[in-house]
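Heads up: the protein sequence lines correspond to chains A and B, in order. Per the numbering used here, the first sequence starts with residue 284, numbered consecutively. Per the numbering used here, the second sequence starts with residue 50, numbered consecutively.
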Amino acid sequence: MKNDEAFEAEVLPQLRPLFGMAYRLTGNAHDAEDLVQETMLRAYRAFDSYRPGTNARAWLFTILYRLRTDALRRRGRSPETVELVDDGPPVAPVHEAALTSGHEEITRALEGLPEIFRSAVVLRDVEEFTYAEIASILEVPVGTVMSRIHRGRALLRRALAGRVE
Amino acid sequence: MSCDPQRVTALVDEVLEGEEKATIEAHLAGCEACRAQAADEERLRASLRTLEAPEPPFGLEQRVLRRLRGRGRLAGAVRVLLPLAAALVLVLWARGYAPLLAWELSRDHDHCFEMRELPAQVPASQPATVAAWFDERGTPLPELPETVGRLALVGGRYCWLMPDLSRVAHVYYTSDDQQVSVFSVPHAVRIDDHYTTRTKGNAVVLVNLGRSVVGVVGEDAEAVEAFVSRLRTSVAAGEAPESAAASALRPRS
Chain A
284 MKNDEAFEAE
294 VLPQLRPLFG
304 MAYRLTGNAH
314 DAEDLVQETM
324 LRAYRAFDSY
334 RPGTNARAWL
344 FTILYRLRTD
354 ALRRRGRSPE
364 TVELVDDGPP
374 VAPVHEAALT
384 SGHEEITRAL
394 EGLPEIFRSA
404 VVLRDVEEFT
414 YAEIASILEV
424 PVGTVMSRIH
434 RGRALLRRAL
444 AGRVE
Chain B
50 MSCDPQRVTA
60 LVDEVLEGEE
70 KATIEAHLAG
80 CEACRAQAAD
90 EERLRASLRT
100 LEAPEPPFGL
110 EQRVLRRLRG
120 RGRLAGAVRV
130 LLPLAAALVL
140 VLWARGYAPL
150 LAWELSRDHD
160 HCFEMRELPA
170 QVPASQPATV
180 AAWFDERGTP
190 LPELPETVGR
200 LALVGGRYCW
210 LMPDLSRVAH
220 VYYTSDDQQV
230 SVFSVPHAVR
240 IDDHYTTRTK
250 GNAVVLVNLG
260 RSVVGVVGED
270 AEAVEAFVSR
280 LRTSVAAGEA
290 PESAAASALR
300 PRS
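Structure follows, in C-alpha cells:
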C-alpha cells in the first residue's frame, strides 16, 4: 500500500512552489488553493506509480498544469487558443531601470501576460526548470517551449518599457 | 546571418551548443539590437528569479494533510469493514435469516423485470410446461396457478442469489401494470409458517408449504397475498404439492 511517510517527505516540501505556480496561473488565492488541493489528491492517488528520488517537483508541476488546462477546457477556454504564430513587432531595448524595477511592477506585468506565455516564463525564470522539464510539464515540444519563453519575455519587456517611458 | 531573436533567448538560457552557439555569438558581436535583447533578457531573468513566491494561505498544509489522511482513514476503515460485512451476510444467509432472503428475492425480482425483455428460459403460459421444464432440471415446483386475478403466467428461469450464488427457480406473472414473482427457495429458511415484509419497494411473503418454502414478490401487497392464498389452497386441497413428474419418480408404497 502507499507509503504515507515517503509521500509526505517527497511531496510536502513542494507545497509552497506549487501554490506559487497555482497563484500565478489562476490569479487568486482561492482558486490557487483548490488547484493545489486537487493536485495533491491526484499525486496521492498516483504515488504508487511515482519512483521515489526522481524529479518530484517536475512530476507535481505536470499534474498541476494538466489539471489547470483540463479545468480551462471544461469552461471552454483553452490556453492554446491564444497562441500566436508570429513573433510580434520587434522590441526596442528597454531602459535598464524598467527591468530591475520593483517586484510589484514585475508581478503586475507578469499578470498581464496571456497564460500560455506566463506559464512558460514562470517555469523557466521563476522556478528555474530546464527546457526539457518545461516541455514535459506543458506537454509540448522543446521548440515550442523556446518560442513561448521568447514571446513571453518580449511581451514583458514591452510592458515594463511602457511603464518607464 | 540575419537576426534570430528566438535563438538569442536560447543563448541567454544556455541551451545552445557547438556550432549553433558559436554562430549566434558571432552574430551578437556585430549586432547591437541582438546584444541589447540578450542584455534585457538577462536583467529580466535576474529580476524574476528574486520574485518572492506568493504566500500560501494560513493552514494550507494542514488542510491538504487533513484531506489526504481523511481519505486514508476512510479507505482503511472500508478495507476492514467490507470483509466483516461480507462475512456477516454469509453467516446470516447460512442460518436462514428470513429478512436477508426477502431482500435478495426482492432484488432479483427487480433485476429481472427491469430488463427490456423478460429473460425467461422457459417462456410459457401453461403451468404444466413451466413445471415440467424445472422438473427436468431437478427442481420440483408447487402447483402453479395459470392466472391470479389479472396476473397471468408468462414463464420462468433459474436465477442466482448473491450471497452464495445458490440457484433458485423464478416464475414470472404479469398483467398490464403489475408483475409478481414466485420463487421456489432451495435452502432452509427459518420461518414457522410465513414471514411477511416490505423491502426494496416490494411486498415479500415467504411461506412454508410443508415440502418447500416459496417466496412471492410484487409491488402490490394485495396481489402478493392473493398468490399466497392460492398456493396454500392448492396444497391444502391435496392437489399435488410436487409436479406429477416428480411424484412418478418416487417408489409407490
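Note that CB positions come from ideal geometry on N, CA and C, so glycine has one too.
For the pair B/E110 and A/L421, the CB atoms are not nearer than the 8 Å cut-off. Counting of Cβ neighbours within 10 angstroms places A/R401 among the buried residues, the total reaching 16 or more.
Interface annotation for the stretch 83–96 of chain B against chain A: A85, Q86, A88, D89, E90, R92, L93, R94, A95 and S96, criterion Cβ-Cβ distance under 8 Å. In the pairwise beta carbon analysis, the stretch 218–232 of chain B is classified as touching the stretch 190–201 of chain B: at least three pairs are separated by under 8 Å. Three or more beta-carbon pairs drawn from the stretch 233–244 of chain B and the stretch 259–268 of chain B are found closer than 8 Å, and the two stretches are therefore classed as touching.
Listed by position along chain A, the residues whose Cβ is nearer than 7 Å to that of B/P106 are A312 and E316. Within the stretch 430–444 of chain A, S430, I432, H433, R436, L439 and R440 place their CB atoms closer than 7 Å to a CB of chain B, listed in sequence order. In this chain, the beta strand (DSSP E) harbouring B/Q228 covers Q228 to V234.
Excluding its 5 nearest sequence neighbours in each direction, B/F183 has C-beta neighbours in its own chain below 6 Å: L190 and A218, listed in chain order.
Legend: CB atoms of the stretch 51–76 of chain B lying less than 9 Å from CB atoms of chain A belong to residues C52, P54, Q55, R56, V57, T58, A59, V61, D62 and V64.
Closer than 8 Å to the CB of B/L133 there is not a single CB belonging to chain A. Those residues of the stretch 297–310 of chain A placed with their C-beta closer than 8 Å to a C-beta in chain B are L298, R299, P300, F302, G303, Y306 and R307, ordered along the chain. Nearest Cα to B/T248 within the set B/P148, B/A275 and B/L77: B/P148. When the alpha-carbon of B/E101 is set against those of A/R356, A/V425 and A/R299, the nearest one is in A/R299. Between the alpha carbons of A/A315 and A/S332 lies a distance of about 25 Å. Between B/W142 and B/D213, the C-beta gap is smaller than 8 Å, which places the two residues in contact. By the rule that beta-carbons nearer than 8 Å mark a contact, A/L343 does not touch chain B. Its chain contains no residue whose beta carbon lies nearer than 7 Å to that of B/T99 once the 5 sequence neighbours on both sides are disregarded. With a threshold of 8 Å between beta carbons, B/A102 makes contact with chain A.
Here B/Y244 carries a strand assignment [DSSP, helix/strand/coil]. Residue pairing by DSSP places B/L200 opposite B/V197 in a beta bridge. Collapsing the DSSP output to three states places B/T223 in a strand. Per DSSP, the continuous beta strand (DSSP E) segment holding B/V266 begins and ends at V262 to G267.
In the DSSP assignment, B/L65 falls outside any alpha helix (DSSP H) and carries neither an H nor an E.
By the criterion of at least three beta-carbon pairs nearer than 8 Å, the stretch 307–325 of chain A is not in contact with the stretch 413–420 of chain A. Any Cβ of chain A closer than 8 Å to the Cβ of B/R98 would place that residue at the interface, and such an atom is present. Of the candidates A/G395, A/R349, A/V428 and A/Y348, A/G395 places its Cα closest to the Cα of A/L439. Counting only Cβ-Cβ distances below 9 Å, A/L295 has contacts in chain B at E110, V113 and L114, in chain order.
B/R206 carries a strand assignment under DSSP once its states are collapsed to helix, strand and coil. Residues of the stretch 389–408 of chain A with a C-beta atom less than 9 Å from some C-beta of chain B are I389, T390, L393, V404, V405, R407 and D408, listed in chain order.
As DSSP reads the structure, B/L255 sits in a beta bridge with B/Y244 and B/G264.
A straight-line Cα-Cα distance of about 15 Å links A/W342 and A/V423. Taking all protein chains shown into account, B/P194 has 16 or more neighbouring C-beta atoms within 10 Å of its C-beta and is therefore buried.
Taking CB atoms only, B/L117 has a neighbour in chain A less than 8 Å away. Secondary structure at B/S215: strand, using DSSP grouped into helix, strand and coil. When DSSP states are grouped into helix, strand and coil, B/V284 belongs to the helix group.
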